[in-house]
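First up is the structure itself, then whatever we jot down about it.
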Amino acid sequence: MNAQAPMTNLRKAKKGVEKLEKRIAYAKMRKASVAMHEGDSPPMTPPDRKDSLAAIRAAIQGKAARRREATDVNELVSDFGFMTVNATMRDFDTKTTSLTFARLILAASLNEPLPRLKNPQMPSRQTAMGLLQYYLENVLSLFPAFPETALFNALDAVYQENPQQHVEDFDYWILYMVLAIGSMCQSRSSTDTFYTDGVDFVVRALKFADHVLMPGYPQQIQALILLVQYSTLDPAHFDSWQLIGFTCRAAVDLGYHQDPPKEQAVDKRALQQRRKIFYSAYALDRSISMVHARPFSFTDDAITVAFPADLSSTSDPESPISKLPALDASLLIFQLRKAQSTWYQELFQSSRDPLHPSSQYLWQMCYEMRTWSENLPKHLPQATRELFDLELLYSYVYCLAPSCRFPSVSELGKTLIFEYCMSYIQKLLPIAKDPINTAFYTYHDALRVYFIGSQFIAVLSDNLNALLQGIIPFVNTIPGGPPPPPIPNMGRTDNIGRSIICIEQIIEALKTYGERWDDSKALKSSFEAQSTGMLGELYRRQEEQQQQQQQQQYHQDIRDSSSPGTVVSGTDYKSSPPSQSQSQLGDGWSIDRFTEDIYKG
-9 MNAQAPMTNL
1 RKAKKGVEKL
11 EKRIAYAKMR
21 KASVAMHEGD
31 SPPMTPPDRK
41 DSLAAIRAAI
51 QGKAARRREA
61 TDVNELVSDF
71 GFMTVNATMR
81 DFDTKTTSLT
91 FARLILAASL
101 NEPLPRLKNP
111 QMPSRQTAMG
121 LLQYYLENVL
131 SLFPAFPETA
141 LFNALDAVYQ
151 ENPQQHVEDF
161 DYWILYMVLA
171 IGSMCQSRSS
181 TDTFYTDGVD
191 FVVRALKFAD
201 HVLMPGYPQQ
211 IQALILLVQY
221 STLDPAHFDS
231 WQLIGFTCRA
241 AVDLGYHQDP
251 PKEQAVDKRA
261 LQQRRKIFYS
271 AYALDRSISM
281 VHARPFSFTD
291 DAITVAFPAD
301 LSSTSDPESP
311 ISKLPALDAS
321 LLIFQLRKAQ
331 STWYQELFQS
341 SRDPLHPSSQ
351 YLWQMCYEMR
361 TWSENLPKHL
371 PQATRELFDL
381 ELLYSYVYCL
391 APSCRFPSVS
401 ELGKTLIFEY
411 CMSYIQKLLP
421 IAKDPINTAF
431 YTYHDALRVY
441 FIGSQFIAVL
451 SDNLNALLQG
461 IIPFVNTIPG
471 GPPPPPIPNM
481 GRTDNIGRSI
491 ICIEQIIEAL
501 KTYGERWDDS
511 KALKSSFEAQ
521 STGMLGELYR
531 RQEEQQQQQQ
541 QQQYHQDIRD
551 SSSPGTVVSG
561 TDYKSSPPSQ
571 SQSQLGDGWS
581 IDRFTEDIYK
591 G
């Protein structure tokens, strides 16, 4: 009976797919028919009661049709969920069924259909080598899901002079996906050549998806990791959160979330590669889930995998172009994702019961991340260090922001969020506007900017006067306890001007990202709507402050001219503090509100 269950569910799923395909074909036929006759339609006449009733009947019928389609989709998804309980099953072999695992993955994760191949010609080997090298230095160095030699072997196989020599599907997949990622990483606009080439490469790769995404093989995890990386650069076509879910499920079903038993003899190199594959998926899962404010694919409690061995003393002897130790950057990102995972699960996924009002837990989490940052190797490339600095500032803001366990932020926490938001955008904007991408920056950085901006507006709305006056709250630290995070930029007093610049820089960053990703245009519009009232209040206060300073300077000049021999102490003429009127902007702030802004509907 158990043996028949997978096949039974497989048949049900196939029927569901067939139903949907028939409905899609019918809808396309209807759409084409309507489009064909639109030009021949007679002039519109005023609707009468009959037309109104007909419209109502059509709406009811359409609603019923949508309900039937939704039921079909739900049946398909439920059957699919059951079938993926064990990803080692072979029921998706293309030799036995047209319903492939790749087809199901793409059906769930494609946002828009991919266009047809525009350029049938492959790039020259030299061009391909340049894209490959970019990927090695900026992406594989962070997510070493496969050895460099596998990539160079694929390059040699695809570009070989003997056209009759067999090339494995995985070789095609790994090369095309790496070329797609390397090209898309360097795109600055959705209309430039890098973007169109990147889409072309992924279209080429998907021809081999049925075999490389077949369940039950380690190559499936590696292939999915590449697709996840690409999806973070092309949100118009792929849903990265859905894809990382499939990736982690495949890793768990193959047991990669646990190291093999000690008594089991395992080749050391194979074990290290297995760990690299797992932590590449783990790091992507943590990053993607956090930026979308969604649950992780699995908890840390389920993981018993050691970090890959630190081989930083020597470079990979088999690497043709390695410039840095193979595991330096990747091990650092794995460590940071582990630290982020700890507090994210505790603050947002464990319970809704508030923790003790003391901020010691938050200080401890921030202290651990600060220690990680202070111990970064000195030989890291500047671009990688900048990437890590941004990760740290983003993590500080995220950790200190209101959560289920800490619904109220301390006065010091508000000051820290205020300062870290400004530090983040000051560092990111020049990178976002740089015509050359020097590290692995994706659409998720646009989401991070939006998150930082939302937190900045929220904390200003909640504590405007104190923040603009630069009041540093007193903190009663516990002896032997973790110190609170450091306050950057202490001593700067023009917080009104700094706040205005910060908001304008956030808008500018989202505008820049909007040239690459249309979704970022929506983020920009949403943030502008959030910040309009606050920006107006800041401009009003700035004008008031400037008038006070002008009046003060005017009276100072009169005193100086009437008493030329008198030295007036500057402390007798301090500028008046900003208006103490309470801001009426905003009514609280939370991660949930941020999530709702992105995922309305």
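Residue numbers (my numbering): -9 to 591.
Beta carbons: idealized from backbone N, C-alpha and C, even for Gly.
Examine the ligand NAP and report whether any of its heavy atoms sits within less than 6 Å of the Cβ of residue i.
{"i": "Q520", "result": "Among the ligands in the structure shown, none appear at all, so the ligand NAP cannot be discussed."}
Could you tell me whether the Cβ atoms of residue i and residue j are closer together than 7 Å?
{"i": "A135", "j": "I215", "result": "yes"}
{"i": "Y220", "j": "V192", "result": "yes"}
{"i": "R342", "j": "C389", "result": "no"}
{"i": "F324", "j": "Y414", "result": "no"}
{"i": "P463", "j": "L370", "result": "no"}
{"i": "T374", "j": "A319", "result": "yes"}
{"i": "V465", "j": "F408", "result": "no"}
{"i": "R506", "j": "S99", "result": "no"}
{"i": "Y149", "j": "R115", "result": "yes"}
{"i": "Y410", "j": "V439", "result": "no"}
{"i": "Q254", "j": "A299", "result": "no"}
{"i": "T237", "j": "H434", "result": "no"}
{"i": "S173", "j": "L121", "result": "yes"}
{"i": "Y125", "j": "V168", "result": "yes"}
{"i": "R327", "j": "R360", "result": "no"}
{"i": "L500", "j": "S516", "result": "no"}
Name the two residues that bound the continuous alpha helix (DSSP H) containing residue i.
{"i": "N485", "result": "N485 to G504"}
{"i": "E151", "result": "First-last for E151: undefined, no H or E at that position."}
{"i": "F160", "result": "D159 to C175"}
{"i": "V129", "result": "Premise fails: V129 is in no alpha helix (DSSP H) and is neither H nor E."}
{"i": "S179", "result": "Per DSSP, S179 belongs to no alpha helix (DSSP H) and is neither H nor E."}
{"i": "K423", "result": "E401 to K423"}
{"i": "L352", "result": "Q350 to E364"}
{"i": "Y440", "result": "Y433 to D452"}
{"i": "R375", "result": "Q372 to L390"}
{"i": "S221", "result": "P208 to S221"}
{"i": "Y185", "result": "T183 to L196"}
{"i": "H346", "result": "From DSSP, H346 is part of no alpha helix (DSSP H); its letter is neither H nor E."}
{"i": "D200", "result": "A199 to V202"}
Just verifying my parser: in three-state terms, what is the DSSP assignment at residue i?
{"i": "L100", "result": "strand"}
{"i": "F297", "result": "coil"}
{"i": "Q520", "result": "helix"}
{"i": "Q232", "result": "helix"}
{"i": "Q254", "result": "coil"}
{"i": "Q539", "result": "helix"}
{"i": "Q111", "result": "coil"}
{"i": "T74", "result": "For T74, the predicted structure reports a pLDDT of 44, less than 50, and the residue's modelled location is therefore unreliable. A value from the coordinates is still provided. The answer is coil: DSSP assigns T74 none of H, G, I, E or B."}
{"i": "S312", "result": "The pLDDT assigned to S312 is 40, lower than 50, so where the model puts this residue is not dependable; a value taken from the coordinates is nonetheless given after this. Looking at S312 - three-state DSSP - the assignment turns out to be coil, as it is neither helix nor strand."}
{"i": "Q335", "result": "helix"}
{"i": "S42", "result": "Residue confidence is low: S42 scores 42 on pLDDT, short of 50, so the model does not pin down where it sits. No coordinate-derived value is stated."}
{"i": "D30", "result": "Low per-residue confidence applies at D30: pLDDT is 41, beneath 50, and the placement is therefore not dependable, though the value from the model is reported in the following sentence. DSSP places D30 in coil when its eight states are reduced to three."}
{"i": "P568", "result": "Per-residue confidence for P568 stands at a pLDDT of 38, beneath the threshold of 50, marking its modelled position as unreliable; no derived number is given."}
{"i": "A140", "result": "helix"}
Taking residue i as the reference, give the member of the options with the closest Cα.
{"i": "A329", "options": "S340, L345, R342 and Y357", "result": "Y357"}
{"i": "F133", "options": "S515, D182, I493 and L322", "result": "L322"}
{"i": "D290", "options": "S99, A98, I447 and T332", "result": "T332"}
{"i": "A429", "options": "F142, M167 and I171", "result": "I171"}
{"i": "L513", "options": "A436, A226, L223 and L196", "result": "A436"}
{"i": "S398", "options": "Q372, S349, K368 and E376", "result": "S349"}
{"i": "D452", "options": "S516, A391 and L203", "result": "A391"}
{"i": "P478", "options": "M412, A292 and N365", "result": "M412"}
{"i": "T139", "options": "I164, L233 and H156", "result": "I164"}
{"i": "I442", "options": "D182, L196, A456 and L380", "result": "L380"}
Comparing the C-beta of residue i with each C-beta of chain C, is any distance below 7 Å?
{"i": "F184", "result": "Going by chain labels, chain C is absent from the structure shown, which holds only one protein chain."}
Could you say if the stretch 476 to 492 and the stretch 531 to 541 meet the contact criterion of at least three C-beta pairs nearer than 8 Å?
Touching, yes, given that three or more Cβ pairs across the two stretches are closer than 8 Å.
At a cut of 8 Å, does the stretch 104 to 113 reach the stretch 242 to 259 through at least three beta carbon pairs?
Pairwise C-beta distances place the stretch 104 to 113 out of contact with the stretch 242 to 259, as fewer than three of them are shorter than 8 Å.
Do the stretch 143 to 162 and the stretch 91 to 98 touch if we need at least three Cβ pairs shorter than 8 Å?
Contact fails: fewer than three Cβ-Cβ distances are below 8 Å.
Meets three-Cβ-pair contact criterion under 8 Å: the stretch 490 to 504 and the stretch 467 to 476
Using a Cβ-Cβ distance cut-off of 8 Å, the stretch 490 to 504 and the stretch 467 to 476 are not in contact, since fewer than three pairs of beta carbons, one from each stretch, lie closer than that value.
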